[in-house]
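As structure tokens, the structure follows; a few thoughts come after it.
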Amino acid sequence: MRTSRVAKDASKYFDTTSTAVAPRRSTRASLARFAYNNKGDTEVTLGSDIEDAVKTTVTRKRKRTETVTQLAPRRVSTRGTRKTTTTTTTTMKTDVETQVKTEEPTSDADDNAGSGSETKSRPRGRVRKPARKITDATTGVVTVEPPSDWEEMYDLVKEMRLTGPAANAAVDTMGCERLADPTASPRERRFHTLVALMLSSQTKDTVNAEAMARLRTELPPHAPGARPGLTLENMLAVEPAVLNSLICKVGFHNNKTKYLKQTAEILKSKFNSDIPPTIEGLTSLPGVGPKMAHLCMSATNGWGRVEGIGVDVHVHRITNLWGWQSPPSKTPEETRHALESWLPRDRWKEINWLLVGLGQSVCLPVGRRCGECELGLRGLCKSAERGKVLEGKKRRMELKKEEVVVTKKEEDGDEHIKIKKEEVVDEVEVEEKKETDGVVNEMVAEAPSGSPRVKEEES
Ligand code: SF4
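Residue numbers (UniProt numbering): 1 to 459.
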């Protein structure tokens, strides 16, 4: 009983003095109850821990958010985290809240500027910008910007065509330009070039060359005593069946026989027995399209005037493989317009020779030889077949290794050979790592240059 009374007294004492007891922790928030508060003390429950009584206790959360923003800027989820921050800080009437709110749009603006890099994950390695129109905001003049690295690619292909794996393609000796009889008159040579072009569609250069050789020697003379061979007069006089038999190996020879006979009539009646001197005139002939017209116009054995690019299947296919047109062009005519909009005019003739040869020898329609192609080996072609490129690089390093071994053997003896072999193997490994960073077409906006995210990804 005595103990019970003492306990009751003690309990009363603590009840009366409990409001004067200092809070267990002297934090900034706990001291807030001593500050002027126009709401009075209604929000503070006396007798409770002050941190429990004050509704807003977000200091720790805010710090955590800032840490995430600074340490992990590449995470897309940071945007979501920032939104959470806004919600929590709205209940906290401090200077810090104002600062967070005003910074929020800036952060979003940054995100939007590099939105492609966040939401679409910016691709690693070299990014190719395709040909694109740029409108001057002040003058409204539209110009076409060429693909970002076209010149480097062009020069490499030229090197391959002159001295590399694409040298000596069929087009170099059996292209339509080469099939005219060099001893014939200029008018006849022009006619030869036109006939060769008409026969060439859907036909290999070798087959075309063979058919042209037969026409040049076996086309019967139009009159007794006249010379046989490919002349306009002989073409006019020949029986369609005979002509068809002479060109029977080329694709669509029945149609081509018909077109050749009709063309000969038109040339005689409308163009003074010569070929038309304009693109419009040439394309008015049966079976002659823009590609043939431009090639005929620019050929040395044609009119020798470059008025457009001769875009055949190789030029159309390869430029799209490279991503020079985005979106990819659907027809050779689209490709021609796209290329003519930015390619310097002095290359309009050459590009056909370059790409037809490349398409015939290295960048084949089926079974591309990317392991031998400089564009693939140097990571410049977005369509390169990675396995073949890797094999090509290894092969190249093996060759270098052999060269080094032979040289060192001559100079120093066997000990040096071993050392050099090790060095070369290391190089192969490095090259393999680089290989993963191929070219991709740019599809997204560039992030701001000062962005730490950009720096991280490009490094
Ligand atoms: S790398 Fe391959 S796809 Fe590209 S141009 Fe060369 S052969 Fe063609």
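All residues carry an ideal CB built from backbone N, CA and C; glycine is no exception.
Collapsed DSSP secondary structure at residue i in the structure displayed
i: V250; result: coil
i: Q70; result: Confidence at Q70 is low in this model, with a pLDDT of 43, below 50, so its placement is unreliable and the value that follows should be read with caution. Residue state, collapsed to three classes: helix.
i: I134; result: strand
i: V171; result: helix
i: R369; result: coil
i: V306; result: coil
i: E239; result: coil
i: T143; result: strand
i: R190; result: helix
i: R128; result: strand
i: V176; result: A quick correction: the sequence has Cys, not Val, at residue 176. C176 falls in the helix class under three-state DSSP.
i: H222; result: coil
i: A299; result: coil
i: P332; result: helix
i: K8; result: helix
Counted within 10 angstroms of its Cβ, other Cβ atoms place residue i as buried (16 or more) or exposed
i: P182; result: exposed
i: V238; result: buried
i: A264; result: buried
i: K8; result: exposed
i: R305; result: exposed
i: K270; result: exposed
i: V144; result: exposed
i: S298; result: buried
i: T193; result: buried
i: C296; result: buried
i: V142; result: exposed
i: residue 508; result: Any property of residue 508 remains undetermined from this structure, which presents the chain solely from 1 to 459.
i: N320; result: buried
i: G323; result: buried
i: L364; result: exposed
Proximity test, residue i beta-carbon vs the ligand SF4 heavy atom, cut-off 7 Å
i: V313; result: no
i: A384; result: yes
i: G140; result: no
i: V366; result: no
i: L375; result: yes
i: L243; result: no
i: I318; result: yes
i: L321; result: yes
i: V356; result: no
i: R369; result: yes
i: V362; result: yes
i: C381; result: yes
Cβ-Cβ separation, residue j to residue i (assumed contact under 8 Å), whole Å
i: F191; j: L243; result: In fact, because the Cβ distance is near 14 Å, the residues do not count as touching under 8 Å.
i: G308; j: I279; result: 7 Å
i: G392; j: E372; result: 6 Å
i: Q325; j: P130; result: 6 Å
i: E177; j: E374; result: Their Cβ separation, rounded to whole angstroms, is 26 Å, which puts E177 and E374 out of contact at 8 Å.
i: R161; j: L354; result: 5 Å
i: R189; j: A180; result: 4 Å
i: D136; j: G357; result: Not a contact, Cβ separation roughly 38 Å.
i: G229; j: L236; result: The pair is not a contact, with the Cβ atoms about 14 Å apart (cut-off 8 Å).
Minimum C-alpha distance to residue i - residue among the options
i: A241; options: R227, K261, G225, A223; result: K261
i: T331; options: R317, W322, W342; result: R317
i: L246; options: N254, L215, S273, N234; result: L215
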